[in-house]
Amino acid sequence: MAPTKAELSLLINPLVPEAVQHNNRVLSSLHSLTAFLLGLSAGILALQSTAGFAFYFAGTVLVSALFHVMILKRSSGAGAGAYFPGSSGGEIEGQVSMEGTAVRLQKGGKKGGYILRRGGWRDVWFGGGVLSEALSGFVLGWAGVGGVLR
Numbered sequence: 080m081a082p083t084k085a086e087l088s089l090l091i092n093p094l095v096p097e098a099v100q101h102n103n104r105v106l107s108s109l110h111s112l113t114a115f116l117l118g119l120s121a122g123i124l125a126l127q128s129t130a131g132f133a134f135y136f137a138g139t140v141l142v143s144a145l146f147h148v149m150i151l152k153r154s155s156g157a158g159a160g161a162y163f164p165g166s167s168g169g170e171i172e173g174q175v176s177m178e179g180t181a182v183r184l185q186k187g188g189k190k191g192g193y194i195l196r197r198g199g200w201r202d203v204w205f206g207g208g209v210l211s212e213a214l215s216g217f218v219l220g221w222a223g224v225g226g227v228l229r
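Reminder that position 1 of the sequence shown reads as 80 in our numbering, one-by-one numbering, no gaps.
As C-alpha cells, then:
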C-alpha cells in the first residue's frame, strides 16, 4: 500500500514528539506568564469589564506576534511549521513526488525551498491555553490586584 501524503511528509521532515511537547510546554508557559502579568497590569490600571478583556486580547496578540516573528527569524523564514505540527497532523504543503527511492518536495514548480506545514501558525496564536488556562490566570491576577487596591 502506498504511503499517504502525511506519512511522506513526516518521512521527508520528521517531527520528534518529545520536541513538539517541549515546544508546546514553552508556549503554554509563555502565554500563562504573560496573561498573569497582563492581569496584574489590568488590576493596577483599574480596568473594568470590557476594557480589561480588550487589554488582555491586545496584549495576547502582541505577545503572539512577537513570538511568531522570533520563530520566523530563527527558522530562516520557514515559519511555525518548523517547530509545531499544525492542525493537519504535520502534513507538508507542496507536491511530494517519488522518483525511484528518492522522495522530493516540489513547492510552486521548484524543487527544494522551504518545507511548510499547514496550520503551524495556529499553534502559536491559539495554542498554549490562550482561551483557557491563560485566561483564568489573567482573571486571577486582575481580580486579585484590583481587589487589594480598592
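The beta carbon of each residue, even a glycine, is placed where N, CA and C say it ideally should be.
Less than 8 angstroms between the beta carbons of Trp204 and Ser143, yes or no? yes
Taking the alpha carbon of Phe132 as the point to measure from, which residue in Gly226, Leu219, Val227 has its own alpha carbon closest? Leu219
Rounded distance between the beta-carbons of Val209 and His147, thought under 8 angstroms: Actually they do not touch by this definition, with Cβ atoms about 13 angstroms apart.
Cβ-based burial, Thr129 [other Cβ within 10 Å; buried from 16]: By the 16-neighbour rule on beta-carbons within 10 angstroms, Thr129 is exposed.
Candidates Leu145, Asn102, Leu124, Glu97: which alpha carbon is nearest Gly225's? Nearest of Leu145, Asn102, Leu124, Glu97 to Gly225, Cα basis: Leu124.
N- and C-terminal bounds of the alpha helix (DSSP H) containing Gln100: 96 to 123
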